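Heads up, the thing below is written out as structure tokens.
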Amino acid sequence: MLNTAMLHLPEIGQFALILAFIMAVLQVIVPLFGVNRGQLWLMGYARPLAVGQALFLVISLVLLATSFVMDDFSVAYVAANSNSLLPTPYKISAVWGAHEGSLLLWVTMLGLWGVAVALLSRSLPLDMVARVLSIMGMVSVGFILFTLETSNPFTRILPSPPQDGADLNPLLQDFGLIVHPPTLYMGYVGLSVAFAFALAALMSGRLDAAWARWSRPWTTAAWIFLTVGIALGSWWAYYELGWGGWWFWDPVENASLMPWLVATALLHSLAVTEKRGLFKSWTVLLAIFAFSLSLLGTFLVRSGVLTSVHAFASDPERGVFILALLGICVGGSLLLYALKAPTVASVGRYEVVSRETALLVNNLLLVVMALAVLTGTLYPLVYDFMGLGKLSVGAAWFNTMFVPLTVALALLMGVGAMTRWKSDRVSRLGGQLWIAGVLAVVFAIVVALLLSEAVSGSVVLGLGISFWLIFATAADVWKKARGRLGKIPSLGVSYLGMVIAHLGVAVTIIGVTMVSNYSIDKSVRMVPGQVETLGDYQFEFTEAGTIDGPNYTSQATRFNLYKEGKKIEVLTAEKRRYHARGSVMTEAAIDVTLFRDVYISMGESLEGGAWGMRLQVKPYMRWVWLGAIFMSLGGFMAVLDKRYRRRQKKEKLA
Amino acid sequence: MNRLLLFIPLVIFALMGLVFWVGLGIEDKTSLPSPLIGKPFPEFELGVVEDGRTLTTKDLQGQPALVNVWATWCPTCKAEHAFLNELAEQGIRIIGINYKDDVMKARDWLKAYGNPYAYNLSDPQGKLGLELGVYGAPETFLIDSEGIIRGKHIGDLNPVVWESLGKQFGEMQ
């Protein structure tokens, strides 16, 4: 501890952060001034400044992580979020375990996206690069300043630092929490690139197909991170919270879902803008909304105004700063939009039955979904504001909103992908798709009948729209490949990416349908030796004991899991008591296959060596996340499309 | 297209900003002491989560207690729960108000996380919560042996909060 104090690492970290701030300020001013004066050499500073800013941010982040690893409890943030007994990987992940470090991670990622734009923008005219990086610099300036002014992670507790730290919140001591926040942040921050492109296009007045083509891979990349991040969050909540729930509609989850929905709309709207030159103003607006919702997600939720209003009031300085930043960022971009968005109607024509219409409806549905989530999340706040009292919007409300919208969206997806640009005929589409429709209905009913005698409408509906999506997509692939399997790879990596992403949606819907309708569970009092049956499975409670972890002690229960008399797995569920905070965490024991999860979690200890146990069998649980993997894989394939890099080669040749 | 129409998003955003801004102003009022302090606990007649029997205000009297308002939909309550278990182990009497919640879910919760409460009053409509001026869950009231409200804390109980609140509670014993 003395060592790091003498090394002044945290001070160097803070100094690096200040240097990054100065770089960011220059990154805003110099290139934009160059654009204004038509000076190429000034615009040329955009790239090196972006790299420099990111370099100092990375130094700052690495030094904070070093303070964690070296147990420098003289740093207030380390003392509050780490402990000498904490395993080293968690010391590193503790960097983003609370507000200050998360913010530093956020700005560092923003810097890194800036570097990516600087390095991968050879095909862009220099004035666009200058504008884009300048706008990303503005965002950086705001948030680095916020970090330095209100949330400095390097603040010391001197002269008498604590002997040991208060430990990382045990909820966060987990692999899922090492990877989930950075992934999600990459997605949030990545949307700043689409945002910067949109504003740059507004400023230059060049809202054209080229702009849309530049934006697409960046938007898709950010969207992939968001998709994976949300899925990781859901998976983490599932195994760590001990309830077996995988989506809670709580404000933090909603905050990540809203930008995802709008970014999904943006992806599709960009396609129309690139291919047909339409929906320009709408696309710009979506880019602004997507990033604004990211900001809302990261900061308003983090600041606690939504989850517990009290957190916000306790630190009004931060709250006011955040609101001011959001106001400048969102208000400023919407003002620019109002002043510069084109008022001339786009020249392209399209008819009612056309891919343009399908994508427009897709956009409306996705935006309505995002608005539904936004309303549900902010409604309690507004209700409170009106003086009507306090209320909370439960999962039921969200489900009521989401089910019909998802059904409509899935039905549309099946048709939309095969509809032609400009104009198409209902009779042609009908001719292609009626078989898929009939098959989907028949399959859904048959499968639902096989699953249980009492057919529920929601199962038929959920399976029906999934099968419809799968069959309609397959019909489209089949038609485009002219009935030859060997021709499928030549359909283009973008198109196949879309196919896989759409199938991913179907996979997720199947998972959600199955797990919501056919999960079974049982809460029982069990003593060692006792056997309980749930569904096809027998749970034999073999022993109870304790396990000593590095910074916790668990009470553990061990189970033999049998299916039809055959032993398939030994499962150990734990209840961990973490030493530093004395808090107790449930570690569920989960046996996983592709078609079902068996989930055992411990309740309370009862008299006579008995335990209250919760046993669950959750069919098709993995499909919920498998679909997300498909979606991100599809996105990844779309980014790989050569046409995003074509011009670069030409330039190299020339 | 009329340029004025393009200002609509900006105007909507400005209105939302206003709501937040004023909303922030409202928060400061929460630091004001509850007007209920020094007054008797509001009258009620509610079922108990654990066994369904009905209790009234009179049942609160006898010894000092913490009255903790919680719900299964409240993430902060989950964070607070372990500390309540600790307090209960120290022999502190805690009475729960299960606020705007489902009894079955509440029972599951108590099974899963342990039950630090002497008993839980089920307040599914939030009527008692309304009379208590409950702002959000969790909130905790200190009541003395006469059933008079002596203190109130908004937000989760934790070792830091308990330093001062616990002292006040100790004096009431």
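So the protein lines, in turn, are chains X and C. In this text, residue positions in the first sequence follow my numbering: the first is -1, and each later residue adds one. In this text, residue positions in the second sequence follow my numbering: the first is 1222, and each later residue adds one. Just so you know, even glycine gets a beta-carbon here, dropped at the ideal spot from N, CA and C. No experiment lies behind these values; they were computed from the predicted model shown.
CA-to-CA distance, residue j to residue i, given in whole angstroms
i	j	result
Ala116 (chain X)	Trp209 (chain X)	16 Å
Lys1373 (chain C)	Val137 (chain X)	41 Å
Ile566 (chain X)	Phe465 (chain X)	32 Å
Ala499 (chain X)	Ala269 (chain X)	15 Å
Val1270 (chain C)	Gly240 (chain X)	22 Å
Phe310 (chain X)	Gly317 (chain X)	The predicted position of Phe310 (chain X) is uncertain, since its pLDDT is 43 and thus under 50; a value taken from the coordinates is nonetheless stated next. Looking at the two C-alpha atoms, the distance is approximately 6 Å.
Met21 (chain X)	Gln430 (chain X)	57 Å
Gly99 (chain X)	Asn34 (chain X)	37 Å
Ile1375 (chain C)	Ile1315 (chain C)	16 Å
Ala368 (chain X)	Gly502 (chain X)	20 Å
Glu585 (chain X)	Lys564 (chain X)	25 Å
Leu170 (chain X)	Trp234 (chain X)	10 Å
Ala198 (chain X)	Trp280 (chain X)	15 Å
Gly547 (chain X)	Glu572 (chain X)	11 Å
Ala504 (chain X)	Arg480 (chain X)	24 Å
Gly560 (chain X)	Val529 (chain X)	Looking at the sequence provided, one finds Tyr at residue 560 (chain X) rather than Gly. About 10 Å.
Val458 (chain X)	Ser119 (chain X)	48 Å
Leu1331 (chain C)	Leu1227 (chain C)	53 Å
Gly1238 (chain C)	Leu321 (chain X)	8 Å
Asp70 (chain X)	Val76 (chain X)	7 Å
Thr555 (chain X)	Pro1296 (chain C)	26 Å
Val615 (chain X)	Leu1257 (chain C)	48 Å
Phe1304 (chain C)	Trp245 (chain X)	26 Å
Thr148 (chain X)	Lys477 (chain X)	59 Å
Tyr516 (chain X)	Thr375 (chain X)	29 Å
Phe173 (chain X)	Leu230 (chain X)	10 Å
Ala1339 (chain C)	Gln1282 (chain C)	13 Å
Identity of the residues DSSP links to residue i by a beta bridge
i	result
Lys1260 (chain C)	BP columns for Lys1260 (chain C) are empty, so no partner.
Gly1283 (chain C)	Paired residues: none, contrary to the question.
Lys564 (chain X)	X:Lys561
Trp1291 (chain C)	C:Asn1319
His1374 (chain C)	C:Thr1361
Ile545 (chain X)	X:Ser552
Arg423 (chain X)	Looking at the DSSP assignment, Arg423 (chain X) forms no beta bridge with any residue, so it has no partner.
Asn34 (chain X)	None; Asn34 (chain X) has no bridge partner.
Met583 (chain X)	X:Arg574
Trp609 (chain X)	X:Met524, X:Ser603
Closest by C-alpha distance to residue i, when choosing among the options
i	options	result
His577 (chain X)	X:Ser82, X:Ala52, X:Ala356, X:Ala22	X:Ser82
Gly192 (chain X)	X:Thr145, X:Val250, X:Ala263	What sits at residue 192 (chain X) in the sequence shown is Ala, not Gly. Cα-wise, what sits closest to Ala192 (chain X) is X:Ala263.
Met496 (chain X)	X:Ser456, X:Met635, X:Arg612	X:Met635
Val93 (chain X)	X:Leu483, X:Leu559, X:Ile176, X:Thr181	X:Ile176
Asp639 (chain X)	X:Leu170, X:Thr296, X:Leu494	X:Leu494
Thr511 (chain X)	X:Ser119, X:Ser488, X:Lys338, X:Ala446	X:Ala446
Phe152 (chain X)	X:Leu427, X:Ile16, X:Phe593	X:Ile16
Tyr1320 (chain C)	C:Gly1354, C:Glu1307, C:Tyr1334	C:Gly1354
Gly435 (chain X)	X:Ala472, X:Pro249, X:Glu451, X:Val359	X:Ala472
Leu55 (chain X)	X:Arg594, X:Ala44, X:Glu530, X:Phe13	X:Phe13
Ser603 (chain X)	X:Pro617, X:Ile588, X:Arg620, X:Arg574	X:Arg574
Asn1379 (chain C)	C:Ala1300, C:Glu1310, C:Ala1327	C:Ala1300
Leu1276 (chain C)	C:Val1290, C:Leu1236, C:Ile1318	C:Ile1318
Ile142 (chain X)	X:Gly275, X:Asp162, X:Leu102	X:Leu102
Ala96 (chain X)	X:Leu124, X:Asp165, X:Glu147	X:Asp165
Phe557 (chain X)	X:Phe319, X:Ile588, X:Gly533, X:Met583	X:Ile588
Say whether the region 630 to 643 of chain X touches the region 214 to 230 of chain X, bearing in mind that this needs 3 or more beta-carbon pairs closer than 8 Å, one atom from each stretch.
yes
Residues from the region 1286 to 1301 of chain C in contact with chain X, defined by Cβ distance under 9 Å:
Ala1292, Trp1294, Cys1295, Pro1296, Thr1297, Lys1299, Ala1300
Could you tell me whether the region 25 to 35 of chain X touches the region 123 to 134 of chain X, using the rule of 3 or more Cβ pairs below 8 Å?
yes
Should the region 324 to 333 of chain X be regarded as contacting the region 1228 to 1237 of chain C, the criterion being three or more beta carbon pairs within less than 8 Å?
yes
Contact residues within the region 551 to 581 of chain X, judged by C-beta distance below 7 Å to chain C:
Gly580, Ser581
Within 7 Å of chain C by C-beta, residues of the region 322 to 339 of chain X in sequence order
Gly325, Val328, Gly329, Leu332, Leu333, Tyr335, Ala336, Ala339
Interfacial residues, the region 600 to 620 of chain X to chain C, with Cβ spacing under 9 Å:
Met600, Gly601, Glu602, Ser603, Gly610, Arg612
So, does the region 118 to 130 of chain X touch the region 198 to 218 of chain X, judging by three or more C-beta pairs under 8 Å?
yes
Counting pairs of Cβ atoms below 8 Å between the region 403 to 421 of chain X and the region 351 to 358 of chain X, do you hit three or more?
yes
For the 8 Å Cβ check, are there 3 or more pairs between the region 180 to 198 of chain X and the region 105 to 113 of chain X?
yes
Would you list, in chain order, the members of the region 266 to 293 of chain X that have their beta-carbon closer than 7 Å to a beta-carbon of chain C?
Leu283
Using a beta-carbon distance cut-off of less than 8 Å, what residues from the region 509 to 522 of chain X approach chain C?
Ser521
Are three or more beta carbon pairs between the region 512 to 526 of chain X and the region 597 to 612 of chain X nearer than 8 Å?
yes
Which residues, in order along the region 1223 to 1235 of chain C, keep a beta-carbon less than 8 Å from a beta-carbon of chain X?
Asn1223, Arg1224, Leu1227, Phe1228, Pro1230, Leu1231, Phe1234, Ala1235
Output, in sequence order along the chain, the residues in the region 1361 to 1377 of chain C whose CB is closer than 7 Å to any CB in chain X.
Ile1375, Gly1376
Within 8 Å of chain X by C-beta, residues of the region 1260 to 1279 of chain C in sequence order:
none
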